Amino acid sequence: MNDGSDEIRAEDIAASKRKARVNALTLGLAFLLGSLAPYPWNACAPLLFLIPVLFNVYTRIRKPGGSSEIPLQAPTQIAETETKEPYSYTPRDPKDPRRYKPIG
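If you're matching positions, the sequence shown starts at 22 in the working numbering and goes up one per residue.
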């Protein structure tokens, strides 16, 4: 599925940071608008929570590779992965606790 690599891609980290920044900015603006703005404007503070939703829609539309993040596997690859025993492979790390078959 992930090409044997357990590392997180730099693009995924950057996307996660962007989402966190947008969420933090939205919360801060909603708090400031709700507490410091005069009446007609502080009633609009909950509308700011639409910003993360709209940002998510924007990033999905803008994404160049299409809508799916995980590449699809061929049916033969799916059949091969289903037949393997869960603990029968040789781990990369000899100190990995998953290297032994479960009891029972």
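Even glycine gets a Cβ: it sits at the ideal position worked out from N, Cα and C. These numbers were taken from a predicted model, which means no experiment stands behind them.
_Given this structure, state the Cα-to-Cα distance separating Thr80 from Ile29, to the nearest angstrom._
19 Å
*Taking just the CA atoms, how far does Arg83 sit from Asn77?*
10 Å
*For Pro85, which three-state DSSP category applies?*
coil
*Roughly how many whole angstroms lie between the Cα atoms of Leu50 and Ala66?*
8 Å
*If you run the structure through DSSP and keep just helix, strand and coil, what is Pro73?*
helix
*Under the three-state reduction of DSSP, which class applies to Arg30: helix, strand or coil?*
coil
_Alpha carbon of Glu39 to alpha carbon of Pro73, nearest angstrom_ = The displayed chain sequence assigns Arg, not Glu, to residue 39. In a straight line, the C-alpha of Arg39 is about 10 Å away from that of Pro73.
*Taking C-beta to C-beta, are Arg69 and Leu57 nearer than 9 Å?*
The sequence given here places Leu at residue 69; Arg does not occur at that position. For Leu69 and Leu57, no; Cβs fall outside 9 Å.
_To the nearest angstrom, how far is the alpha carbon of Ile34 from that of Ala41?_
11 Å
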